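K.L.:
Sharing a structure below in structure tokens format, with a few things to ask.
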Amino acid sequence: MQIDNNQLLRFTTAGSVDDGKSTLIGRLLYDSKAIFEDQLEDIALTSKRKGYDGVDLALFTDGLRDEREQGITIDVAYRYFTTPKRKFIIADTPGHIQYTRNMVTGASTANVAIILIDARKGVIEQTKRHAFIASLLQIPHIIVCVNKMDLIDYSEEIYNQIIVQFEEFSSKLYAKDIRFIPISALDGDNVVNRSKNIDWYHSAPLLNTLENLHISSDINKIDARFPVQTVLRPQREGFIDYRGYAGRLASGILRPGDHVTVMPSGFTSTIKSIDTMDESLTEAFAPMSMTITLNDDIDVGRGDMIVKTANQPRATQEFDTMLCWLNNENATPRTKYTILHTSNEQKAMIKSIMYKIDINTYNREEENKELSMNDIARVKIRTTRPLMIDEYRDNRTTGSFILIDDLTHETVAAGMIL
Amino acid sequence: MKKYYLNYLDELESEAIFILREVWAQFQNPVLLFSGGKDSILVAHLAQKAFYPSKIPFSFLHVDTGHNFPETIDFRDQLMNQLEVELIVGSVQKSIDQGRVSEERGKNATRNALQITTLLDTIEDHKIDCAIGGGRRDEEKSRAKERFFSHRDDFGQWDPKNQRPELWNILNGKHFEGEHFRAFPISNWTEMDVWNYLKRENIAIPSLYKAHQRDVVWRNESWIPVSKHLVLTEDESIQTKKIRFRTLGDITITGGIESDADTLEKIIAEVAALKQTERGNRSDDKRSDSAMEDRKRQGYF
């Protein structure tokens, strides 16, 4: 197997059992030989115990005992499969319970969102919800799979109507790349293999599309942002004076000799070396983990950000953001929360809630401003010290943050900076 | 034009290094759980990379059931020397002697579940606030729901239905005194990824993973190695087979598979063709549909 240049692609699937989501995942895993015999025997046994005809592939995606007993998915589950071209990570999110919270979580790291539409039903409320979250989280690619084509006699006309329906509302969203594929997950049409039944469709089947999507530009390579995670001072022979700043490049490209500014202090220097255990690099790009040394002895620590002097993020204590509330306890304006933004930790409060968004209709609600679990709102945040931010649209790492409740230590909200 | 992208192994490596550095930055007293198996050897290697040119800045913790493969212990001691890290050993035998736990009975008795108490006691005694493990989400169905930073309450228990959401790469390690975290830097690796990386990086692994001649007994659908802990039943007989192990657990419960794969290349080719999961030969997982979930809830690795 050739592995050297194979990339990693993360995709998320959202939907309920009725859409055939589990069947689709089961199909991808099964046809790419990621399901083992003992796992298949396990679920065959459980299917039989439950009195099902045949093997229910959905059982494979349910990990917890409660999920198997109740036939529901509770939490995001991660699945893996590999083809000769790529390694894939699926964030499989439940369609019903706490769908927003889970979908937002699964979407946060995805390159691709797969949205399933039941061809018999067309675009429904859930479809709009999924598309909205995919666009809110700025998933770079959206693939709309019109499923159960076998049940509408592989009709090109109905398929085209569904595309029109979808584009009517998706034009209101900010989505860069939307594709459509007619499939039948149950029979495997256009999933891994090209469908003989859908002979009017000439583009690639789903797996082939996932294998060939251009994802190298999904990460911002323009704005160099290096959040410092920790300082390495070995104090051992050969490295007595070594002082390295360890982190993972969030975006952009850095090279030794680059003029850099350390934020928020504003001290400037040049990059002396970019080190890993294997070698010193002549060039580093996101998302590499590495250690940077500087030519000047300046004060740098965790929470600081090293950036190119000529291209700096905004340092501010106040900003507008979309906020998704994730906790059972409602948000309380003017309460202090801990904010985690890259490696920076500060205190923050929600200064004001401007409006909430109904993710089924995309309407703004300006009357009811109570933020409860699964709500999405536009808010103003104020922090005790400056954060170095970019717009989420330009940078998924320096544009995102979470809020933590200091009384429970739970993660209560996720934010996408505007 | 130059291609600015990482291949998948480099991306997994970078992610794991990021997580290990977050552990070090967010916790006071983390340890690396070391079993001597390939996954914990991999995590040790990644920790070396994460902190180079510094030494790995935390201790290793081995929960010793007393039912080890001798090869594993030799390998462990050698590696600790080489990495210059301190090793904490939590002894299951000591937990038994102190009356904290009692041995299971019967032919399939193991010390597997007893490790939970020893592990949690050691975590408490040493005031450990984060234990880094080599768990992977592809290993077992309940592990598919595991976070990178996984919260444990003050009884060391996991509540899978009430986990903190984990978004982007922002890790929340906040906890109260007495609680701790488990961190899983190789969550996103599969068995194949681990083998491909071990080969690429030329990382030494215990000889047990490679095919070798061994005295074994056919039990629970796999070849169980003969050891001083193994009690034969009347219908069982000792045979000599060329076998290797896909995972390493206690010598009493880890079954081998017949194999000629004595190099990493051959092992990778074999793993690619295998039709059973690697834990398929672990009788600890076969006890029930939710055997792993139940142990994990109580505080297992």
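Protein sequence lines, in the order shown, are assigned to chains A and B.
The end of the first sequence is residue 418 by this note's numbering, with every number in the run present.
The end of the second sequence is residue 1301 by this note's numbering, with every number in the run present.
Using N, Cα and C, we set each Cβ at its ideal position, and we do this for glycine too.
All of these numbers come straight from a predicted model, not from anything done at the bench.
#1: Which bits of chain A does residue 1300 of chain B rub up against, with CB to CB less than 9 Å?
#2: Suppose contacts are defined by Cβ-Cβ distances below 8 Å. Is residue 138 of chain A in contact with residue 1025 of chain B by that definition?
#3: Can you say whether residue 1299 of chain B is buried or exposed, counting buried as having 16 or more other CB atoms within 10 angstroms of its CB?
#4: Please state the DSSP three-state secondary structure of residue 1030 of chain B.
#5: By the three-class DSSP mapping on this structure, what secondary structure does residue 2 of chain A have?
#6: For residue 2 of chain A, collect the residues of the same chain with a Cβ closer than 8 Å to its Cβ; drop the 5 residues on either side in sequence, then sort them by chain order.
#7: Quick check on residue 308 of chain A - is its C-beta less than 8 Å from some C-beta in chain D?
#8: Hey, is residue 1024 of chain B's beta-carbon within less than 8 Å of any beta-carbon in chain A?
#9: Check whether chain A comes within 8 Å of residue 1186 of chain B, counting only Cβ atoms and requiring the distance to be less than that.
#10: Hey, would you say residue 357 of chain A sits closer than 8 Å to residue 377 of chain A, going by beta carbons?
#11: In whole angstroms, what separates the C-alpha of residue 1206 of chain B from that of residue 1072 of chain B?
#12: By DSSP, does residue 1054 of chain B sit in helix, in strand, or in coil?
#13: Please list, in chain order, all residues of the same chain as residue 105 of chain A whose beta carbon is under 6 Å from its beta carbon, the five residues on each side excluded.
#14: In this structure, does DSSP put residue 277 of chain A in helix, strand or coil?
#15: Give the single residue among A:112, A:159, A:256, A:372 whose Cα lies nearest to the Cα of residue 333 of chain A.
#16: So, do the stretch 322-330 of chain A and the stretch 270-285 of chain A have three or more beta carbon pairs nearer to each other than 8 Å?
#17: List the DSSP bridge partners of residue 77 of chain A.
#18: Can you round the beta-carbon distance between residue 158 of chain A and residue 119 of chain A to whole angstroms, since I take them to be within the 8 Å contact cut?
#19: Taking 8 Å as the CB-CB limit, is residue 2 of chain A close to chain B?
#20: Does any residue of chain A have a CB that is nearer than 8 Å to the CB of residue 1222 of chain B?
#21: Between which two residues does the alpha helix (DSSP H) containing residue 1115 of chain B stretch?
#22: Do residue 1039 of chain B and residue 1251 of chain B have their C-beta atoms within less than 8 Å of each other?
#23: Among the candidates B:1247, B:1254, B:1198, B:1195, whose CA atom is the shortest distance from the CA of residue 1220 of chain B?
#24: In chain A, which residues lie less than 7 Å from residue 1175 of chain B when you measure between Cβ atoms?
#25: Whole angstroms are fine: how far does the CA of residue 1188 of chain B sit from the CA of residue 188 of chain A?
#26: Look at the alpha carbon of residue 1190 of chain B and the alpha carbon of residue 277 of chain A, and state the distance between them as a whole number of angstroms.
#27: Kindly confirm or deny that the stretch 302-310 of chain A and the stretch 250-263 of chain A touch, where touching means at least three C-beta pairs closer than 8 Å.
#28: The stretch 345-356 of chain A: which residues have C-beta closer than 7 Å to a C-beta of chain B, in chain order?
#29: How should residue 1135 of chain B be labelled, buried or exposed, when 16 other C-beta atoms within 10 angstroms of its C-beta is the threshold for buried?
#30: Look at the alpha carbon of residue 173 of chain A and the alpha carbon of residue 135 of chain A, and state the distance between them as a whole number of angstroms.
#31: Hey, does residue 417 of chain A have any beta-carbon neighbour from chain B nearer than 8 Å?
#32: Please list, in chain order, the chain A residues whose beta carbon lies closer than 7 Å to that of residue 1166 of chain B.
#33: Within 8 Å (strictly less), CB to CB, does residue 1309 of chain B reach chain A?
#34: Note the first and the last residue of the continuous alpha helix (DSSP H) segment covering residue 157 of chain A.
#35: Closer than 7 Å, Cβ to Cβ, to anything on chain A: give me those residues from the stretch 1016-1049 of chain B, in chain order.
#36: Specify the secondary structure class of residue 193 of chain A as computed by DSSP and reduced to three states.
P.N.:
Reading from the atomic positions:
#1: None at all; the shortest Cβ gap to chain A is about 15 Å.
#2: no
#3: buried
#4: strand
#5: Any reading at residue 2 of chain A is ruled out, since the residue's pLDDT is 43, under 50, leaving its predicted position unreliable.
#6: Its pLDDT being 43, under 50, residue 2 of chain A is placed unreliably in this model, and the coordinates cannot settle the point.
#7: As a matter of chain content, chain D is missing from the structure shown, whose protein chains are A and B.
#8: yes
#9: no
#10: yes
#11: 6 Å
#12: coil
#13: 76
#14: coil
#15: A:372
#16: no
#17: A:92
#18: 6 Å
#19: Low confidence applies here, because residue 2 of chain A scores a pLDDT of 43, under 50, leaving its location unreliable; read the following figure in that light. Taking Cβ atoms only, chain B never reaches closer than 8 Å to residue 2 of chain A, which makes this a no.
#20: no
#21: 1115-1125
#22: no
#23: B:1254
#24: 409
#25: 27 Å
#26: 24 Å
#27: yes
#28: none
#29: buried
#30: 6 Å
#31: no
#32: 105
#33: Since the first residue of chain B shown is 1001 and the last is 1301, residue 1309 of chain B is not available in this structure.
#34: 156-170
#35: 1017, 1018, 1021, 1022, 1024, 1025, 1048, 1049
#36: strand
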